[in-house]
Every structure is written in structure tokens, then in C-alpha cells.
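K.L.:
Under our numbering, the first residue of the sequence shown carries the number 22, and numbering increases by one thereafter.
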Amino acid sequence: MSAKIIDGTAIAAKLRAEYHLRVDDLKARHGVTPGLAVILVGDSPASRSYVRNKIKACQQAGIRSDLIELSSQTPEDQLLERIYALNDDPGIHGILVQLPLPPHIRVSSVLEAISVEKDVDGFHLYNMGGLVTGNTVFSPCTPYGVQKILEHENIPVEGRNVVVVGASNIVGKPTALMLMQQDATVVICHKKTRDLGHFTLLADILVVAAGVPNLIVPQIVRTGAVVIDVGFNRLPDGRIVGDVDFEGVKEKASYITPVPGGVGQMTVTMLLHNTILSAERYATGTQRAGMR
Ligand SMILES: Nc1nc(=O)c2c([nH]1)NC[C@@H]1CN(c3ccc(C(=O)N[C@@H](CCC(=O)O)C(=O)O)cc3)C=[N+]21
Ligand SMILES: [Mg+2]
Numbered sequence: 022m023s024a025k026i027i028d029g030t031a032i033a034a035k036l037r038a039e040y041h042l043r044v045d046d047l048k049a050r051h052g053v054t055p056g057l058a059v060i061l062v063g064d065s066p067a068s069r070s071y072v073r074n075k076i077k078a079c080q081q082a083g084i085r086s087d088l089i090e091l092s093s094q095t096p097e098d099q100l101l102e103r104i105y106a107l108n109d110d111p112g113i114h115g116i117l118v119q120l121p122l123p124p125h126i127r128v129s130s131v132l133e134a135i136s137v138e139k140d141v142d143g144f145h146l147y148n149m150g151g152l153v154t155g156n157t158v159f160s161p162c163t164p165y166g167v168q169k170i171l172e173h174e175n176i177p178v179e180g181r182n183v184v185v186v187g188a189s190n191i192v193g194k195p196t197a198l199m200l201m202q203q204d205a206t207v208v209i210c211h212k213k214t215r216d217l218g219h220f221t222l223l224a225d226i227l228v229v230a231a232g233v234p235n236l237i238v239p240q241i242v243r244t245g246a247v248v249i250d251v252g253f254n255r256l257p258d259g260r261i262v263g264d265v266d267f268e269g270v271k272e273k274a275s276y277i278t279p280v281p282g283g284v285g286q287m288t289v290t291m292l293l294h295n296t297i298l299s300a301e302r303y304a305t306g307t308q309r310a311g312m313r
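1) Which residue wins for smallest C-alpha separation from Tyr40, given the options Ala49, Thr296 and Ser68?
2) Run the proximity test for Asp142: is its beta-carbon closer than 6 Å to any non-hydrogen atom belonging to ligand 1?
3) Ignoring anything shorter than 3 residues or poking outside the segment 116-190, list the beta strand (DSSP E) runs there in chain order.
4) Taking three-plus beta-carbon pairs below 8 Å as touching, is the segment 114-129 in contact with the segment 279-290?
5) Out of Ser93, Asp87 and His51, state which residue places its alpha-carbon closest to the alpha-carbon of Pro66.
6) By the DSSP assignment, the beta strand (DSSP E) with Val229 in it spans what residues?
7) Between Cys162 and Thr288, which are expected to be in contact by the criterion C-beta below 8 Å, what is the C-beta distance as a whole number of angstroms?
8) Note down the Cα distance separating Thr95 from Ile249, rounded to an integer number of angstroms.
9) Give the straight-line distance between the Cα atoms of Pro195 and Tyr147, rounded to the nearest whole angstrom.
10) Do Leu256 and Leu198 have their C-beta atoms within less than 7 Å of each other?
11) In whole angstroms, what is the alpha-carbon distance linking Ala231 and Gly306?
12) Take Thr157 as the anchor and find which of Thr221, His145 and Leu117 has the nearest alpha-carbon.
13) Cβ of Pro281 within 6 Å of any heavy atom in ligand 1?
14) Cβ of Val289 within 6 Å of any heavy atom in ligand 1?
15) Looking at the secondary structure, which residues open and close the alpha helix (DSSP H) in which Arg103 lies?
16) Do Val183 and Val207 have their C-beta atoms closer together than 7 Å?
17) Would you check if the segment 34-49 and the segment 270-280 touch, i.e. whether three or more CB-CB distances between them fall below 8 Å?
18) Taking only runs that begin and end inside the segment 209-252, name each unbroken beta strand (DSSP E) of 3 or more residues, in chain order.
19) Is it buried or exposed for Gln80, if we count other Cβ within 10 angstroms and need 16 for buried?
20) So, with DSSP's three-state summary, where would you put Ser275?
21) Which residue from Ile170, Asp266, Arg43 and Ser68 puts its Cα closest to that of Asp28?
22) Which stretch, first to last residue, makes up the beta strand (DSSP E) that contains Ile89?
23) How would you write the range of the alpha helix (DSSP H) that Leu42 sits in, first residue to last?
24) In its own chain, which residues sit with a C-beta less than 8 Å from the C-beta of Gln99, not counting the 5 before and 5 after it?
25) Assuming Gly112 and Gly56 make a contact with CB atoms under 8 Å, what is their CB distance in whole Å?
26) Provide the residue span of the alpha helix (DSSP H) that contains Ala82, from first to last.
27) Between which two residues does the beta strand (DSSP E) containing Gly56 stretch?
28) So, are the CB atoms of Arg243 and Leu217 less than 7 Å apart?
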């Protein structure tokens, strides 16, 4: 059997065309242009490249984007002041602080400073907590993108075995919670999991976000499984690969996402979605008042 290779770029393009129409509609009916502020602290080449992708995607969708570049020495309180100013800026509907941050800045104080109404990354504690009960203000972009891929391919989730490999706050844990909310049976594996294959072989849907190239080999994938590769690793030769042995696993899976061209494209697309949704709430006065 050879898997269907899921074209994340094509799914993203289809969604982005829909989102562009929503932007045009907002402009025409409410005179509101969605605005995203992206804060980049320091100048790591990887972060710079991700941020460039996001800003380019905004431009293509008709979304205003402001890039705020701060030195890696910026004190935490100065970063917080910038966030408070953006919280109060009516032209900005989404605020994203690119991670990772320099070690002297506490990630938790930064993420919690962002107004929940503008937390388009979905990383604020309120939104993280909302995942537990299924009522976020914004869903985190990568897990949301995984959900959209499954939806687009008509892959059912209810009652199926989902194994998530990787327990990060930004991918593994939220993905597990979102799919559990849809009545999947969910297992989360991580660095300390003994005998990974024991669990992954149970998976109808295997979501991998561990950051380890070739972690998932065909021997530990169930025949016919759906394999979603969230890994994004740059090899010494510059090539970008996921966490899955793509060539091997595609002969055993029923569906597989490539890297690049899979989940990464959807991450950016869901960021556009959340920013537009925020602007729509602003334009129609349906934000949740007084939350921070
Ligand atoms: N606050 C915050 N929010 C994030 O969402 C966030 C972050 N920090 N820090 C870093 C990670 C990584 N990330 C990616 C975004 C786009 C691609 C992407 O566009 N990938 C494309 C293109 C890859 C390429 O450049 O060739 C693809 O996979 O096809 C990948 C990874 C968002 N992140
Ligand atoms: Mg346009």
C-alpha cells in the first residue's frame, strides 16, 4: 500500500482564498483592515525566516502586518510595555511574540500580558485552559491546522486511537486536548516514554511533534495509519525534514503529510484565520469585554 500524500500547500491555498474574501468583506462593510503585530526579539535566522513567511502570508491575504524587531538585550519590562500598547491599539487585532525568547525573559509573563482578545497564537493561559473544556477564544495555530487537515481529508476522529508523540505546550499537549474534545482516544508519548512503538502501533492517527528526524520508522507504524508529521528540522546540509521516515512510512500508512508542504503551511494559514476572526469580532462588537 502507498499512502495518499496530503498536500498541505493546496489545502492552505484553498483556505487562504476564502480568508481573503472575508478580509475584503470586512473592509467593504466595516472599513476594518485586520492587523497583526509580530514581535521578534533577537535575530536568530530560523525565527527570522518563520516571521518572514507569516508576514508574506498576511500581505497575500490583505492583512496588515507590523513587524516589531527588538534587540536580544531588551529588558522584559520594555517588552511588556510594547505589548500593553498593542493591547490598546484599535488597528491591531492579533499580537504574536515569536518564540523562543532570550533566556532573561520569562515566556509565561510575556504570553499572559497579551490581551486574550488578541492572542491569535492561542498561547495565553486562558486559551490553554479553554482547550480543556473546549471553549477557547482562539485555537493554537498548529493543532488547529492538524484538525483542518483531518477535516479536509474526511478522516474521522471520533472513537479512533490517536497517538501524539511530543508533549510540548505549543503542539503536543494542545493537539491531544483538541482531538480528545472530538471523542478520540488519545495517548501522549514524550521523551521519557519507554517502548515508543508499543504505543504508536495502536494509532489509527499518529501525530508526531518531537523534533527528532527519522524518529518514526515503518516498524512502529500500524498498517493503514494516518501519519501527520509536525516535525520541522533543518539538517546540517540545509534540507528541512520532519520527524517521520517519509519514504519508508509512506509505504505503510494510508495518509501522510510531507515536510515541508504539510502542517507548516497550515500553521501560517490558521494564524491568518485567527487574525481575521479577531478583526470580525472587533468590527461586530462581539469580543469578550474586559478580559486580559
Ligand atoms: N509565537 C510563535 N508562534 C508560532 O507559530 C511559532 C513560533 N512562535 N516559533 C517557531 C514556530 C515554527 N513555526 C512555523 C511556521 C511556519 C512554517 C512554514 O511556513 N513551513 C512551510 C515552509 C517552510 C520553508 O521555509 O521552507 C512548510 O512547512 O511548508 C514552519 C514553522 C511557527 N512557530
Ligand atoms: Mg489582496
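Even for Gly, the Cβ is constructed at its ideal location relative to N, Cα and C.
P.N.:
Taking the structure as given:
1) Reading the sequence shown from its first residue, position 19 is the one you call residue 40. Here the closest residue by C-alpha is Thr296.
2) Sequence index remark: in the sequence shown, residue 142 carries index 121 (1-based). Under cutoff, so the answer is yes.
3) 182-186
4) no
5) Stepping through the sequence shown from its first residue, residue 66 is reached at position 45. It is Ser93.
6) Taking the sequence shown and counting its residues from 1, one reaches residue 229 at position 208. Ile226 to Val229 is the extent of the beta strand (DSSP E) around Val229.
7) Translated into the one-based positions of the sequence shown, residue 162 becomes position 141. Translated into the one-based positions of the sequence shown, residue 288 becomes position 267. Right, their Cβ atoms sit about 5 Å apart.
8) Counted from its first residue, the sequence shown places residue 95 at position 74. Counted from its first residue, the sequence shown places residue 249 at position 228. Using only the alpha carbons, I get a separation of about 37 Å.
9) As a first step, residue 195 is located in the sequence shown; it is residue number 174 there, counting from the start. As a first step, residue 147 is located in the sequence shown; it is residue number 126 there, counting from the start. Spanning the two alpha carbons is a distance of roughly 13 Å.
10) In the sequence shown, residue 256 corresponds to position 235, counting from 1. In the sequence shown, residue 198 corresponds to position 177, counting from 1. No; because the gap between Cβ atoms is not below 7 Å, this pair is not in contact.
11) The residue labelled residue 231 in the question sits at position 210 within the sequence shown. The residue labelled residue 306 in the question sits at position 285 within the sequence shown. Approximately 40 Å between the Cα atoms of the pair.
12) What you label residue 157 is simply residue 136 of the sequence shown in a count that begins at 1. Here the closest residue by C-alpha is His145.
13) On the sequence shown, residue 281 is found 260 positions in, with the first residue counted as 1. Result yes, Cβ under 6 Å from ligand 1.
14) Sequence index remark: in the sequence shown, residue 289 carries index 268 (1-based). At least one heavy atom of ligand 1 is nearer than 6 Å to the Cβ of Val289, so yes.
15) By 1-based counting over the sequence shown, the position of residue 103 is 82. Element bounds for Arg103: Glu97 to Asn108.
16) For the purposes of this step, residue 183 is taken as the residue at position 162 of the sequence shown. For the purposes of this step, residue 207 is taken as the residue at position 186 of the sequence shown. Against a cut-off of 7 Å, the Cβ pair of Val207 and Val183 comes out as a contact.
17) no
18) 226-229 and 247-250
19) For the purposes of this step, residue 80 is taken as residue 59 along the sequence shown, with counting starting at 1. By the 10 Å Cβ count, Gln80 comes out exposed.
20) Residue 275 sits at position 254 when you count from the first residue of the sequence shown. Of the three classes helix, strand and coil, the one that applies to Ser275 here is coil, per DSSP.
21) Taking the first residue of the sequence shown as position 1, residue 28 is located at position 7. Checking every option, the nearest Cα to that of Asp28 belongs to Ile170.
22) Numbered from its first residue, the sequence shown carries residue 89 at position 68. Arg85 to Leu91 is the span of the beta strand (DSSP E), which, as asked, contains Ile89.
23) Numbered from its first residue, the sequence shown carries residue 42 at position 21. Element bounds for Leu42: Gly29 to His51.
24) For the purposes of this step, residue 99 is identified with residue 78 of the sequence shown, where counting begins at 1. Same-chain partners within the cutoff: Leu91.
25) Within the sequence shown, the letter at position 91 stands for residue 112. Within the sequence shown, the letter at position 35 stands for residue 56. About 5 Å separates the two Cβ atoms, so the contact holds.
26) Within the sequence shown, the letter at position 61 stands for residue 82. Residues Pro66 to Ala82.
27) As a position in the sequence shown, residue 56 is number 35, starting the count at 1. Taken as a continuous stretch (DSSP letters only), the beta strand (DSSP E) holding Gly56 covers Gly56 to Val62.
28) Taking the sequence shown and counting its residues from 1, one reaches residue 243 at position 222. Taking the sequence shown and counting its residues from 1, one reaches residue 217 at position 196. No, the pair does not count as a contact, with Cβ atoms beyond the cut-off.
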